[in-house]
Structure formats: C-alpha cells, structure tokens
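*Asks:*
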Amino acid sequence: MSATSNLKALHNSQSIGSFDVPGAWASTPCPHCGGNQALCVAYVNEGGGGGTRWYRCVTCLKGAVKNDEIVSPSAKPLRTPAGLPPLDLQIWTEVRTCLGSGAYAATVMLCRKLLFHIAVAHDLPAKNDKDRSPTFYEAVEHLQEQGLVTPKMRPWVDRIKDVGNDANHELSPITLELATDVATFTEQLLVLAYELDALMAQQAGHDGP
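In numbering that gives the first Met the number 0, the protein residues as written are 0 to 208.
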C-alpha cells in the first residue's frame, strides 16, 4: 500500500486524485517511525508564517500535523536498544515520550527509576535485611561491580543522582539539556545491560553450529 492509495475526501468519500503537484511531498521527520519522507495531504496558510500542514508518512502511513514549525505528535528522541525486557521497554518508551514532549522532570525521574530496576534485574536484592529498598549509592555500586558502570561513566551517574534528587524533592526546573544528558546516559546503560548480549546471541545464531 502506498501513501496515496486509500486516501478519500471527507465530503464525498471519493478517492483523492493526483499528488503530482508542487509541495505535495516533503522531507520531514516522522514522529512515529523516524522516516523522513511524507505526503502533504492538506494545508492551510492564512496570515503568513508556516501555516498548518497535514502529513502522511510514506513508510508507516501514520499521520502528523505541523503547525508552523512544530510537529505533533512530537518525535521520540534517542533510540530503543535491542534486547530490552518488556518492562524496561515500556519505561524506556515513556522516557522518550516525556523527553520529546517537554516533560523533563518526568524524564529524569523515570531514568532514575530505570537505573534502580536495572540494578535489581542484575542481582541486587530488592530489599535488604531491614526490608528497605537499596539506596541510589548501593544501586550504583552494584552496577559498577557488575561492569555495567565503568569508571569513566561514574560522573554521569553522579549527575543522575543530583538531577534526580532535584526532580523528586524540589521544584527546581529541569532543562532540555539536563534531561537529554540523563536520558543519553540511561540509553548507554541499557546498551551495556541488554543490547550487547542480544547482539551476541543474534550473531551466534547466524554463525550456527
């Protein structure tokens, strides 16, 4: 199916005709799949500015609207590492959604929560002998012992700790730059925790006996 094959006009449900006209196709990022080619189904441009354009991605066939220079829904930044367990995948998807929509404090809090989860998934006890959850320091130390946090990554972990505390306990602003830094580190942690093993297993399967 192509991007134009099943489009119909709303007023009469008839198929829309040719899109072989100037401006019908655009190079614009798809917020759903990351594709970069889209069909401009309709547009309105009153009073100058960029106006409003309705796009359909030629790759995934999903829609988006561009008001002036703002695309909705917003594109998800970063990427999804391979091999993520379902719960990690769910939380990481929420992280990317929050970051892309400007919810920077939520981004940082979810990243911090994901760090704890990864530590427990890699054999850190969820509760100690006093029935208390591990501290951030204990989670970081465990990840470092497991080789998932290298000495060069330690400043990044301390950054998550500091920014995460601000996000959880104070109403201090979290900027795009800070949230992106924290999310980028978390992405790298997911790569080391899951993706490398998944890629090795995939390669072993291709090599065969």
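Glycine residues also receive a C-beta, built at the ideal position from the N, C-alpha and C atoms.
Smallest Cα separation from V190: which of F115, T27 and G82?
*Replies:* When only C-alpha atoms are compared, the closest one is G82.
*Asks:* My parser needs the alpha helix (DSSP H) runs of 4 or more residues fully inside the segment 67-112; what are they?
*Replies:* Listed in chain order, the complete alpha helix (DSSP H) runs (minimum 4 residues) inside the segment 67-112 are 85-100.
*Asks:* If we ignore side chains and look at the alpha-carbon of each, how far apart do V162 and F135 end up?
*Replies:* Those two C-alpha atoms are separated by around 12 Å.
*Asks:* Between the alpha carbons of R153 and N66, how many angstroms are there, rounded?
*Replies:* Going from the Cα of R153 to the Cα of N66 covers about 41 Å.
*Asks:* Would you call the segment 21-39 in contact with the segment 53-70, where contact means no fewer than 3 C-beta pairs closer than 8 Å?
*Replies:* They touch, by the three-pair rule.
*Asks:* Whole angstroms are fine: how far does the CA of L142 sit from the CA of V181?
*Replies:* Those two C-alpha atoms are separated by around 16 Å.
*Asks:* Suppose you measure from the CA of P76 to the CA of R95; what does that come to, to the nearest Å?
*Replies:* Their Cα atoms are separated by approximately 6 Å.
*Asks:* For S171 and D196, I'd like the C-alpha separation in whole angstroms.
*Replies:* Cα to Cα, the separation comes out at about 38 Å.
*Asks:* Out of N35, I173, R78 and Q187, which has the shortest C-alpha to C-alpha gap to V107?
*Replies:* Considering only alpha carbons, the answer is I173.
*Asks:* I need the DSSP call for K65, collapsed to helix, strand or coil.
*Replies:* Strand at K65.
*Asks:* How about T185 and L113: do their beta carbons lie closer than 8 Å?
*Replies:* Closer than 8 Å, so yes.
*Asks:* Within 10 angstroms of its Cβ, does R52 collect 16 or more other Cβ (buried), or is it exposed?
*Replies:* Classification for R52: buried.
*Asks:* Looking only at its own chain, which residues have a Cβ that is under 7 Å from the Cβ of S73, when we skip the five neighbours before and after it?
*Replies:* P30, G99 and S100, listed in sequence order.
*Asks:* Note down, in chain order, each residue of its chain lying with its Cβ closer than 6 Å to the Cβ of A118, except the 5 sequence neighbours on either side.
*Replies:* The residues are A138, H141 and L142.
*Asks:* Give the DSSP bridge partners of W53, in chain order.
*Replies:* BP columns for W53 point to A41 and V64.
*Asks:* V156: buried (16+ other C-beta within 10 angstroms of its C-beta) or exposed?
*Replies:* Buried, because 16 or more other Cβ atoms sit within 10 Å of the Cβ of V156.
*Asks:* Does DSSP classify A23 as helix, strand or coil?
*Replies:* In this structure, A23 counts as coil in the three-state DSSP scheme.
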